[in-house]
Amino acid sequence: MQDIKEIIDEIECKYNGLSIDELIGGVLVETPYGHCYRVHSVFDLLLQIPPADELKRAFIERLELVYGIRENLWQRLLRYGLKTIHDLVCVPRYKNYASSILDILEKGSLQELSFLLEQRLKKGDKLFLILPALVKKESLLFVDIETDSLNITTSLLVLGIGYFECDRFNLVQYISLEKRKDERSILNSFLKDVKGKNLFITFCGRSFDIPVLQHRLAYYGCTPPEIVHLDLYHFARKNFRHILPNCKLRTIEEHILGLKRKKDIPGELVPHFYSAYEQTRNFGYIKYIVDHNKEDILSLVRLLSLISRI
Amino acid sequence: MCAYFPLFRESENRSFIERIIDNLRGESRTRKIIILEERDGICEQIRSPLPHFARDYLLKNGIVSLYSHQARAIELIRAGRDVFISTGSGSGKSLAFNIPILEHLEKNESATALYIYPLKALANDQIKVLKELVKRIQNPINPAIYDGDTPKYIRPIIRNRSRIILTNPYELHLLLPYHSQWQRFFGNLRFIVIDEAHIYRGVFGTNFAYLLRRLERVAENYGTQPIYVLSSASIGNPEEFGEKLIGRDLSVIKFDGSPKGKRYLLVWDATDNLEGKQENILAQGVKILSKSIKEGAQTILFAKTRYQVEKIYNICKRLGIDGVRAYRSGYAPQTRREIENQLKKGVARGVISTSALELGIDIGGLDVVIILGYPGTLSGFWQRAGRAGRKNQDALIIFIATDDALEQYLLYHPEILTDMEFESALIGLENPHILKGQLLCAISELSLNPSKEKFFVDNISIGLLDNLSKEGKILKMDDGTYVGTVMPHRLVNLGGLGDEQFELVVDNNVIETVELWRAYKTLFYSAVYLYQGDTYVVNDIDIDERKIKLEKVEPNYFVTPLICSEAHIVDEDVVARRYGNFTLYMGRLLIHEELIGFIIEFEGCRRVKVTLDDIERVELPIPIRPFPVKPDDFDTKGIWFDISWKVRASLGDRFPGSIHGLEHAIIGIAPLILSCDRWDLGGISLPSDARIFIYEGIKGSAGLTEKMFERFEDLLKMTKELIENCKCDYGCPSCVLSPKCGNENKPMDKRGALEIIKFIAKF
Chain H
1 MQDIKEIIDE
11 IECKYNGLSI
21 DELIGGVLVE
31 TPYGHCYRVH
41 SVFDLLLQIP
51 PADELKRAFI
61 ERLELVYGIR
71 ENLWQRLLRY
81 GLKTIHDLVC
91 VPRYKNYASS
101 ILDILEKGSL
111 QELSFLLEQR
121 LKKGDKLFLI
131 LPALVKKESL
141 LFVDIETDSL
151 NITTSLLVLG
161 IGYFECDRFN
171 LVQYISLEKR
181 KDERSILNSF
191 LKDVKGKNLF
201 ITFCGRSFDI
211 PVLQHRLAYY
221 GCTPPEIVHL
231 DLYHFARKNF
241 RHILPNCKLR
251 TIEEHILGLK
261 RKKDIPGELV
271 PHFYSAYEQT
281 RNFGYIKYIV
291 DHNKEDILSL
301 VRLLSLISRI
Chain Y
311 MCAYFPLFRE
321 SENRSFIERI
331 IDNLRGESRT
341 RKIIILEERD
351 GICEQIRSPL
361 PHFARDYLLK
371 NGIVSLYSHQ
381 ARAIELIRAG
391 RDVFISTGSG
401 SGKSLAFNIP
411 ILEHLEKNES
421 ATALYIYPLK
431 ALANDQIKVL
441 KELVKRIQNP
451 INPAIYDGDT
461 PKYIRPIIRN
471 RSRIILTNPY
481 ELHLLLPYHS
491 QWQRFFGNLR
501 FIVIDEAHIY
511 RGVFGTNFAY
521 LLRRLERVAE
531 NYGTQPIYVL
541 SSASIGNPEE
551 FGEKLIGRDL
561 SVIKFDGSPK
571 GKRYLLVWDA
581 TDNLEGKQEN
591 ILAQGVKILS
601 KSIKEGAQTI
611 LFAKTRYQVE
621 KIYNICKRLG
631 IDGVRAYRSG
641 YAPQTRREIE
651 NQLKKGVARG
661 VISTSALELG
671 IDIGGLDVVI
681 ILGYPGTLSG
691 FWQRAGRAGR
701 KNQDALIIFI
711 ATDDALEQYL
721 LYHPEILTDM
731 EFESALIGLE
741 NPHILKGQLL
751 CAISELSLNP
761 SKEKFFVDNI
771 SIGLLDNLSK
781 EGKILKMDDG
791 TYVGTVMPHR
801 LVNLGGLGDE
811 QFELVVDNNV
821 IETVELWRAY
831 KTLFYSAVYL
841 YQGDTYVVND
851 IDIDERKIKL
861 EKVEPNYFVT
871 PLICSEAHIV
881 DEDVVARRYG
891 NFTLYMGRLL
901 IHEELIGFII
911 EFEGCRRVKV
921 TLDDIERVEL
931 PIPIRPFPVK
941 PDDFDTKGIW
951 FDISWKVRAS
961 LGDRFPGSIH
971 GLEHAIIGIA
981 PLILSCDRWD
991 LGGISLPSDA
1001 RIFIYEGIKG
1011 SAGLTEKMFE
1021 RFEDLLKMTK
1031 ELIENCKCDY
1041 GCPSCVLSPK
1051 CGNENKPMDK
1061 RGALEIIKFI
1071 AKF
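Chains as they are written, first to last, in this note's numbering: chain H, 1 to 310; chain Y, 311 to 1073.
Dropping the structure here:
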């Protein structure tokens, strides 16, 4: 609580009267639907994902991907010397399923592969990492949004996306300076940035970020992009549930990654900060929301690398 | 008295129906018996054969061939037309649309259908039939109910898997803003089924019509245009109503090909004081019920209120009549299912019900239906009467007429019950108050760009968009698109007009919400309020919190507010039509209502009248105070006419009473033509200007005025007959007295009213 009070004092004293350009350093983007504020920053950040070959090998050894095979049967099949899905192709009973799974691995789309994994594996299974491993590093898109409320009919305040380009991590944040009025422009810019990306990476996005984005796009009559999505929350829960008090991104950062955020506001306060901004037009409030969003996205990259190492 | 009475041959083979009629015909209260002749079924073949599942189902249920209306419905739905099936109750309407819909869903693996029922109980009843039908289909269809009772954890599964979803308007209203979760369902929506369509009239119907526009708007956003299937057993104007409801032309199937057994309609006069014989109305109902059950007929008695149901049930128990059950809303669902099953199996020999059993819940056909008191509409009457008759067997309908004006009229004109067309179901799409709330909902669901919009394009909507954005409830973007800033769905009530709402609180529980204009008239301090058969008294009113606190007591008094109304004509779009000796006008009105006092009636017939000026000064036994906030004047539509100076001169001093009586009588008889309640209409008679206003008591109008204007001649004719046939000397509640008159029915001149009609209409 003390921290928050200090932050508010700082905003009121230091940032009052400063322009957004001075504080955040972005540009105003004009779109056919109005405008929004865009901040672009670049970071040196490493991403480590297990090599694709290693995961492919793990994939074909997972007999439970074949419909009808669970733990017990898998053990029995191993005793018969059937170790990989390739081996199952020779068994008449599994021939069709096994070969279609191998087809998906070799030639199938990322959607098909993700659908198969979701159908057959538990959430948070490490084999899900085959999704980022199979695509180029440049086609990953790290997403985090800040909104007005937790309802899907809310409005976007900040939309942050991160992607790799020439080995450097680019972070683009769209900021709504006028609630709702700027939302359409943010989404429009987002749709442009999404082109060429194949895989969304989020934290808790399955239940929040992705449905909200889909709903907001549908609200304006836009078709949401068909992009596969990987939610890191499930990995975090599977691995850290027993050792951490909770599985919030900030807790993981502190206890596992050994990072401590300085002067960060908790996500719950974002709507309050935004309404304070609306009343005072002090861009200091926006700065803190944007910083919070930035930290979240950078942590996504770190967390993905961490999970790959486990 | 029984001039039309057909004599049955005295033989052992008389059916029990005939025995009951014989038994009742000797009674002096039996006014008339009408015979509705039996009718053979007309079957028809359909062009391409039925799908396998349907043939299998029909065979198992012993159905050899389809009736002509079913065949036609199947052909039309197969051709992708919007259809309104408007045939009698029990004619197999559900089967007629279920077959082609399931056929389509069988062929198209992603297509979906939405069934909308006005009551949860109807959906619970229909799901059984659907589940039985889909058993025979290979493709998964998973019909499911999605309403307020659906557990949270099943909801996503239904959204993602079911291809037939049964819901109600209230649930649909609340789920529409979350349409992105329903992308699969709405994106493949092929059919919208609206069962019991006649329910959607008046304010509720107007809201519902806009709800359908919103649904279609969402479906269009996901790239589909669904077709509509409407069904109703009792509606006078299916073409006009259907088109207004869905916003486009539709094919109407009216000709009923199903067979019907012989039906008798017996009209019973339950007037309190008949030839010096006083007999309680409820006791008369019980007498007939017990006679009917004794003869072995399975009987249903429809009473008007829950209170009556309980009272009659008590009398039955006291008299030891076996096998009788009571049925009304408010009972636990299991109890209701149990009673329904007992009726279907024939274990329960008699049931006393409110309108809860009126709509299509399957309880099988019964032998005798007793209707105690006119349900308010002809369609309601036949909905109830439709419960009588198994397949081709004889059935008896007994109508017990009480003192009410309409019922007395029907007593002398029972042919109206059988010959007149059902009332028109009316909706008022031009009502700006309803449109405003619905438009706000629509914008919060999908952004609205006037240049691309297809559904909300009329002038009223465009005007409202401007107003709403000025009020800050929506935002106008640079490219002209409007976006919502609030989620209004919880505030927009499908049965209401978007007025300020007050919560009724009993022991910290909210039992109901009421709009300000209604609260002003019924919920002042110490007002007695009836809710679900219990009596409450207003204890406290908290204006800031919008709460009215009630206490459950049994007061020994009843308070009626005295309200004085004024009408101002808004001088735009006034339409005029010349009738006989007068001109009838129709136009927009501004109604100003003013509370002028109260009448307190104590048990034992003591009456106290107190005006608002006196209320502070006079010592009252109960602390009555008016409602602290006054509603604004409201705009509505109405008709008015002036009466010639010649009549006025000839009536002299009697004129004010005459014009007053005429106004009351017209309003009393109007529900026979308009599908509405007496309380939906208001009237003002101005003796000084010799003018009568009759207007809709609904803010912004619900479409009643146009019908009234169109059929005013019939209305006047019926009013004349009503007054002529009434046997009272100086006016009674059956003719010119009104239960809600602000002037205590004074002055009043019944004969003068008749003279006015005779002069102006030249009948």
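Ideal placement from N, C-alpha and C gives every residue a C-beta, glycine not left out. Being a predicted model, the structure only gives us computed values, none of them experimental.
| query | result |
| --- | --- |
| I'd like to know if residue 153 of chain H contacts chain Y, where contact means its C-beta is closer than 9 angstroms to some C-beta of that chain. | yes |
| So if DSSP puts residue 677 of chain Y in a beta bridge, which residue, or which two residues, is it bridged to? | For residue 677 of chain Y, which the question treats as bridged, DSSP gives no partner whatsoever. |
| My output table needs one value for residue 447 of chain Y: the three-state DSSP class, helix, strand or coil. | coil |
| Could you please give me the residues that DSSP links to residue 495 of chain Y through a beta bridge? | None; residue 495 of chain Y has no bridge partner. |
| Could you check which residue in H:107, H:69, H:166 and H:146 has the C-alpha nearest to that of residue 205 of chain H? | H:146 |
| Below 8 angstroms on the Cβ atoms is my guess for residue 845 of chain Y versus residue 871 of chain Y; work out the distance and round it to an integer in Å. | Residue 845 of chain Y to residue 871 of chain Y, Cβ: 17 angstroms. No contact. |
| Reducing DSSP to helix, strand and coil, say where residue 30 of chain H ends up. | strand |
| Given this structure, state the Cα-to-Cα distance separating residue 608 of chain Y from residue 542 of chain Y, to the nearest angstrom. | 25 angstroms |
| Would you report the Cα separation of residue 799 of chain Y and residue 821 of chain Y, rounded to the nearest angstrom? | 19 angstroms |
| With 16 other CB atoms within 10 Å as the buried threshold, where does residue 17 of chain H fall? | exposed |
| On the premise that residue 479 of chain Y lies in contact with residue 804 of chain Y, defined as a C-beta separation below 8 angstroms, what is that separation, rounded to the nearest angstrom? | 6 angstroms |
| How should residue 539 of chain Y be labelled, buried or exposed, when 16 other C-beta atoms within 10 angstroms of its C-beta is the threshold for buried? | buried |
| Terminal residues of the continuous alpha helix (DSSP H) containing residue 950 of chain Y? | Segment 944-952 is the beta strand (DSSP E) holding residue 950 of chain Y; no alpha helix (DSSP H) there. |
| Does any C-beta atom of chain B lie closer than 9 angstroms to the C-beta of residue 119 of chain H? | Although the question refers to chain B, the structure presented lacks it and instead comprises the protein chains H and Y. |
| Return the chain-ordered list of same chain residues with a C-beta closer than 6 angstroms to the C-beta of residue 974 of chain Y, the five sequence neighbours on each side being excluded. | 1046 and 1048 |
| For the alpha helix (DSSP H) containing residue 635 of chain Y, name the first residue and the last one. | Element bounds for residue 635 of chain Y: not the alpha helix (DSSP H) but the beta strand (DSSP E), 634-637. |
| Can you say whether residue 255 of chain H is buried or exposed, counting buried as having 16 or more other CB atoms within 10 angstroms of its CB? | exposed |
| Are the stretch 883-902 of chain Y and the stretch 928-935 of chain Y touching by the rule of at least three beta carbon pairs closer than 8 angstroms? | no |
| Cβ closer than 9 angstroms: which chain Y residues qualify as neighbours of residue 220 of chain H? | 756, 757, 791 and 793 |
| Please check if any C-beta of chain Y sits within less than 9 angstroms of the C-beta of residue 205 of chain H. | no |
| Please state the DSSP three-state secondary structure of residue 896 of chain Y. | strand |
| Taking C-beta pairs closer than 9 angstroms, name the residues in chain H that residue 895 of chain Y reaches, listed in chain order. | Neighbours of residue 895 of chain Y on chain H: none; closest Cβ ~45 angstroms, over 9 angstroms. |
| Would you give the residue range spanned by the alpha helix (DSSP H) that residue 955 of chain Y belongs to? | 955-961 |
| Would the stretch 569-581 of chain Y and the stretch 654-665 of chain Y be scored as touching if the rule is three or more Cβ pairs under 8 angstroms? | no |
| Three-state secondary structure (DSSP) at residue 502 of chain Y? | strand |
| Against residue 33 of chain H, what residues of chain Y qualify as contacts under a CB-to-CB distance less than 9 angstroms, listed in chain order? | 787, 788, 789 and 791 |
| Under 8 angstroms: do the stretch 130-143 of chain H and the stretch 192-207 of chain H share three or more Cβ pairs, one atom per stretch? | yes |
| Rounded to a whole number of angstroms, what is the C-alpha to C-alpha distance between residue 810 of chain Y and residue 235 of chain H? | 50 angstroms |
| Which class does residue 270 of chain H belong to by DSSP, given the choice of helix, strand or coil? | helix |
| Going along chain H, which residues have a C-beta under 7 angstroms from residue 689 of chain Y? | Residues of chain H passing the Cβ test: none, with the nearest at roughly 39 angstroms. |
| Does the beta carbon of residue 420 of chain Y come closer than 9 angstroms to any beta carbon on chain H? | no |
| Kindly say whether residue 531 of chain Y, judged by its beta-carbon, lies nearer than 9 angstroms to any beta-carbon of chain H. | yes |
| Taking CB distances under 9 angstroms as the criterion, tell me whether residue 211 of chain H reaches chain Y. | yes |
| Taking only beta-carbon positions, decide if residue 180 of chain H is within less than 9 angstroms of chain Y. | yes |
| Would you call the stretch 851-865 of chain Y in contact with the stretch 897-907 of chain Y, where contact means no fewer than 3 C-beta pairs closer than 8 angstroms? | no |
| Using a Cβ-Cβ cut-off of less than 7 angstroms, list which residues of the stretch 170-202 of chain H approach chain Y; keep chain order. | 180, 181 and 184 |
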